[in-house]
Each structure stands twice: as C-alpha cells, then as structure tokens.
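Per this note's numbering, the very first residue in the sequence shown carries number 45; after that it's consecutive.
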Amino acid sequence: MLNMKIKFKNIIFTGLVAGTLLSSCSKDFLDLPPYTSVPAETALLTEADALSALTGTYAGMRVFDLYGRTIPLMGDLWADNVKISTRNAGRYTEIYNLNFVENNQWFTGMWQNAYRVINRANNIIHSTPSGDEANINQYKGEAYAVRALLHFELVRFFARPYTDNPAGLGVPLVTTFDIEGKPSRATVEEVYTQVLSDLDEAYKLMSKAPNTGRFSKYSARALAARVNLHKGTPAANQLALNYAKEVIDNSGVDLVPMAGLEAYWGALGSHSFGNETLFEIVSDQIDNAGFDELPYFFGQTGYGDGLAHNAFYESYADTDVRKKLIIKGARVRAENPAYIINKYPDLVNYGTKKILRISEMYLTAAEAAYNLGNADAKTYLEALVTERDPSATVTETGSALLERIITERRKELAFEGDRVHTLNRLKRDITGRSPSSAATITYSNFRRVAPIPLTELDRNDNLEQNTGWQQ
C-alpha cells in the first residue's frame with residue numbers, strides 16, 4: 045500500500061500527478077495551499093462539512109466518464125450485448141471495432157475521473173470532524189465503499205483478471221494524496237486485498253443510509269460478494285456465497301416483481317430501501333451530464349447510437365418480462381429492424397444507473413454455490429428466473445447449470461456494464477459482434493485490457509504499460 049501524505053483537499057487532480065501548470069513551480073510554492081484549495085486538516089471540521097464532502101464525492105461519480113455513461117456502456121459495448129448503429133455520431137466506434145489506441149479519450153477520462161473521486165473519498169476517510177459519531181462513521185464508511193468501488197473498476201478495466209494472474213500488474217493504490225507522488229502499479233492481488241479491506245471497514249462503520257443513492261451497510265456487503273466472485277478461488281467463492289446470502293436474507297431488499305419491472309426501470313430519483321436496488325447513481329433535471337448521459341446514447345429521441353445485438357434480443361423467451369426492455373423497432377436511415385434499448389427511458393431527468401441490485405446477489409449466490417458443489421445453486425437461480433418468466437424452469441445439472449447461470453446473468457444485468465467483466469474473469473472469447481471489424485475477440489487479445497493512458501505514462505515514469513501496447 046502506498047504511504048502518501050495528505051496535503052490539500054479538492055486540488056484539481058488530472059491524473060495521479062498534478063497537471064503541468066505546477067511543473068515549473070518551485071518547491072516553496074508547492075508548500076503553499078493554492079487559492080482554490082483548503083488544507084485537509086481544516087477543511088472538514090464538522091459533521092456538516094463531512095456530509096458536504098460526501099455529496100461532492102457522489103457527484104464526481106455521476107460524470108459521463110464514469111457512471112454517467114462510459115463505465116456501464118463500455119461493459120456491454122466491448123462485449124456482445126451492444127452494437128453501434130450504422131448511423132452514429134462517432135462516439136465509442138473505436139471500442140466497438142477494437143481499434144482504440146493508448147491515448148483513447150474514454151479510458152483516459154475514466155482513469156483520471158476515478159482517481160479524482162478516490163481522492164475526494166480519501167479526504168473524508170482521513171478527516172477528523174466533530175459531531176455525531178454515528179453519522180461521521182456512516183460518512184466515512186460510505187467513503188471507504190466509494191474508494192473500494194473505484195479501485196475495483198480500475199483494476200477490472202486496466203488489468204487482466206484475478207483468475208488469470210493475481211501477481212500481474214494491477215493499478216496504483218491511492219489511499220492518501222501526495223501532490224508530488226508518482227505511484228507505481230500494485231499487483232492485482234494487492235488491489236483486491238485493499239478493496240476488500242476497505243469494504244470490511246465500510247461494513248463495520250455504516251449503520252444506515254437515507255436512500256439508495258448512497259452506500260449502505262448491505263450494499264457494501266453486496267460489492268464484497270461481487271469482488272470475491274471475481275477472485276474465483278475456493279475461499280473467495282465461499283465468501284461470495286456467504287455475503288450474497290447475507291444481503292438476500294438481511295438487507296430488507298426484495299426482487300422487483302415481474303409485473304413491476306418496466307415501471308422500476310422508468311422510475312425517477314433515488315428510492316427508499318426495499319425494492320430491488322442496493323445502490324445507484326442518481327441523475328435528475330439539475331444534477332446530470334446532459335446529452336452525455338447513458339439514456340441519451342440509447343434513446344431514439346437522443347443520439348440512439350447504441351442498439352442491442354439482434355441475437356441477444358432473440359435469446360429472451362417471449363414470456364420473459366425482460367424482453368420488454370428491448371424494443372423491436374426501426375432506426376431512421378439505418379437498421380430496420382433495430383433492437384432499441386429501453387432500460388433507461390428517461391431522457392429528461394436521465395434517471396439512475398443501477399450499480400448494485402439484489403438480482404445480482406441471487407446470481408452471485410448461484411454461481412458461487414455451483415463452484416463449491418453446493419446444491420443451493422439451483423435454488424438461487426430458480427428464485428430469480430421464475431420472477432422474470434412465468435414459464436421458466438431450471439432443470440439443468442452439471443456444466444449445463446453453470447452455462448444457464450451465466451446466460452441468466454447476461455439477460456438480467458444487460459446494459460448495466462457487467463458483461464465484459466464476466467467474460468474476462470471466465471477467460472472466454474467474445475463472439476457474435478456483428479457488424480464489426482472485430483466480430484470475435486479472443487481472450488488472449490491484448491485489447492481485452494485497456495491501455496494505461498498515454499498522458500499518465502508521460503507524467504509518471506513509475507507506471508508500466510500493459511502487454512501489447514508497448515509495440
């Protein structure tokens with residue numbers, strides 16, 4: 045773990061190193077608090093200060109380079125759920141055609157904004173405000189969970205999965221801030237260890253949350269279940285099962301019923317706990333990324349550039365309520381039929397991006413139980429699929445049951461950013477991406493891992509590029 049000294053709060057953070065505006069300044073200048081910042085030790089003096097900082101941390105996650113659009117979109121476009129329409133505005137076409145380069149704007153934006161949010165979380169974690177201890181612990185617990193989530197997203201995008209090589213290069217761990225620091229990449233295992241440690245701390249500190257737009261005790265536990273499933277070791281599978289079961293049994297959050305699924309995806313704002321959502325990023329008419337929001341990329345009154353693959357739509361049974369979240373229509377001067385994604389129908393308030401749902405916990409429990417040879421695998425899968433399709437049954441056994449679990453995971457979490465990470469951790473090829481210049485992407489293809497942004501390599505000579513990108 046890096047041992048960095050905290051100096052300032054809310055410094056403009058353009059990567060892991062300060063921008064070039066400071067590169068010619070003297071050491072004495074760097075020791076002075078810049079006029080745009082406040083020293084961390086005096087910035088968060090009260091409980092109200094900590095809450096304000098936490099609000100800003102969540103706001104940073106809403107930007108289009110993170111959960112506003114890029115993270116959920118990339119997880120499906122880079123895989124086999126989403127394609128780019130033949131009539132498009134040029135956004136993400138290089139991802140879909142697999143011809144992106146080291147200075148790709150989407151990966152650069154993701155990297156830089158993720159570390160900005162991590163830095164905001166660090167300021168809360170290391171603050172010592174006065175006030176109600178339970179509230180302050182809650183805010184710090186949420187900050188730990190946010191830091192864990194962003195480090196986990198970074199290691200999934202910029203490194204080979206844990207199931208490939210835990211000792212391989214991960215991403216820099218930034219747990220404190222040093223304006224002069226040039227951190228190197230931790231191993232994948234070190235990143236996972238830190239992420240799970242942060243989530244354990246978050247779980248211990250948190251006791252409540254006002255709504256689903258903020259991390260809660262059980263959403264932190266749900267994230268820990270996801271992380272352990274990605275680790276894939278026997279011990280991690282046991283923890284994934286234990287944690288998923290704990291969330292299912294104790295969170296008070298139930299599966300959204302079949303009859304309410306469409307309304308659930310069309311609902312506005314954050315919600316009280318109880319119905320499906322464990323954690324979400326909230327956008328509304330005031331706080332949103334505007335035309336850069338994910339709903340605008342899918343909606344036909346917006347850009348409408350992202351469509352579902354035809355074969356994916358056809359994989360749903362007609363009795364499956366989830367099929368209604370894709371509309372078979374037409375795109376003007378383009379695809380006819382066009383399979384229009386309707387999971388984010390609100391192009392006025394831009395809706396919410398679901399980060400953790402109780403449905404995923406049933407799928408996680410099913411897969412982890414299968415990996416452990418536990419008969420509960422079928423029980424957890426059946427509980428979900430029968431709430432999505434009244435005619436569904438689960439009769440598979442052996443390896444066919446695993447394939448059914450993975451298939452149902454694809455159907456349930458479609459367009460939420462899960463798919464490419466599932467295929468990566470399972471070390472499977474990506475197929476059926478047509479029309480594209482990359483209809484198939486083998487697991488060994490070096491472009492299955494994002495490049496470390498060129499701007500970061502230029503600023504930090506301790507960073508090492510991923511294999512294949514050095515050529």
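Glycine residues also receive a C-beta, built at the ideal position from the N, C-alpha and C atoms. Quantities reported herein were computed from a predicted structural model and do not represent experimental measurements.
*Pair every Cβ in the segment 122–131 with every Cβ in the segment 205–225, then say whether three or more of these pairs are closer than 8 Å.*
no
_As a quick exercise: from W513, N506, T499, pick the residue whose alpha carbon is nearest that of W155._
Looking at the Cα atoms, T499 is the closest of the given residues.
*How big is the Cα-Cα spacing for A458 and G104?*
24 Å
*Taking just the CA atoms, how far does G185 sit from A307?*
31 Å
*Bounding residues of the alpha helix (DSSP H) (the contiguous stretch that carries I169)*: 149–169
_Through-space distance from W122 to E138, alpha-carbon basis_ = 10 Å
*By the 10 Å Cβ neighbour count, where 16 or more other Cβ atoms means buried, how is A494 classified, buried or exposed?*
buried
_At least three beta-carbon pairs within less than 8 Å, the segment 97–111 to the segment 446–456_ = no
*Segment limits, alpha helix (DSSP H) that includes L198*: 177–202
*Per-residue burial, S327 [other beta carbons within 10 Å of its own, 16 or more giving buried]*: By the Cβ-count criterion, S327 is buried, with 16 or more other Cβ atoms from all chains shown falling within 10 Å of its own Cβ.
_Cα-Cα separation, V161 to D420_ = 38 Å
*asked:* According to DSSP, simplified to helix, strand and coil, what is G225?
replied: coil
*In angstroms with no decimal places, state the Cα-to-Cα distance between L243 and L305.*
For L243 and L305, the distance between alpha carbons rounds to 30 Å.
*Quick one, are the C-beta atoms of Y236 and V199 less than 9 Å apart?*
Closer than 9 Å, so yes.
*Whole-Å CB distance - V239 paired with N209, under 8 Å assumed*: That pair is no contact at about 17 Å.
*If you pair each beta-carbon of the segment 133–153 with each one of the segment 428–438, do three or more pairs fall below 8 Å?*
no
*Are the segment 373–384 and the segment 342–353 in contact at 8 Å, needing three or more beta carbon pairs?*
yes
_Please list the terminal residues of the continuous alpha helix (DSSP H) segment that includes I450._
442–456
*Mind reading off the beta-carbon distance from A284 to A192? Whole number of angstroms is fine, and I expect it under 8 Å.*
Contact flag wrong, Cβ pair sits at about 15 Å.
*asked:* My assumption, with CB atoms under 8 Å, is that Y262 sits in contact with S295. Please give the rounded CB distance.
replied: Going by Cβ atoms, the distance from Y262 to S295 rounds to 4 Å, so yes, they are a contact pair.
*What's the call for Q514, buried or exposed, on a 16-neighbour Cβ count within 10 Å?*
In this structure Q514 is exposed. Its beta-carbon is surrounded by fewer than 16 other beta-carbon atoms within 10 angstroms.
*For T101, is the classification buried or exposed, using 16 other Cβ atoms within 10 angstroms of its Cβ as the cut-off for buried?*
buried
*Taking the C-alpha atoms as reference points, what is the distance between V464 and T220?*
Per the coordinates, the alpha-carbon of V464 lies some 30 Å from the alpha-carbon of T220.
*Go to G512, then tell me how far its beta strand (DSSP E) extends in each direction, as first and last residue.*
Element bounds for G512: n/a, residue is neither H nor E.
*Express the C-alpha separation of L213 and L501 in angstroms, rounding to a whole number.*
15 Å
*With burial defined as no fewer than 16 other Cβ atoms inside 10 Å of the residue's Cβ, what is the status of K289: buried or exposed?*
buried
_Among A378, Y414, T321, nearest to I399 - alpha-carbon criterion_ = T321
*In chain order, what residues of the same chain lie with their CB nearer than 6 Å to the CB of N489, ignoring the 5 residues before and after it?*
none
_Neighbour flag for T114 against chain B, beta carbons, 9 Å_ = Among the chains in the structure shown there is no chain B, since it carries only a single protein chain.
*Within 10 angstroms of its Cβ, does T99 collect 16 or more other Cβ (buried), or is it exposed?*
Its Cβ having fewer than 16 others within 10 Å, T99 is exposed.
*If you draw a straight line from the C-alpha of T437 to the C-alpha of Y357, how long is it?*
20 Å
*F342 (DSSP reduced to helix, strand or coil)*: The three-state reading of DSSP puts F342 in helix, counting H, G and I together.
_Exposure of N506, with buried meaning 16 or more beta-carbon neighbours within 10 Å_ = exposed
*Per DSSP, D298 is paired with what?*
N319.
*Rounded straight-line distance, which links the Cα of R503 to that of G310*: 43 Å
*Run through DSSP, which three-state label would G100 get?*
helix
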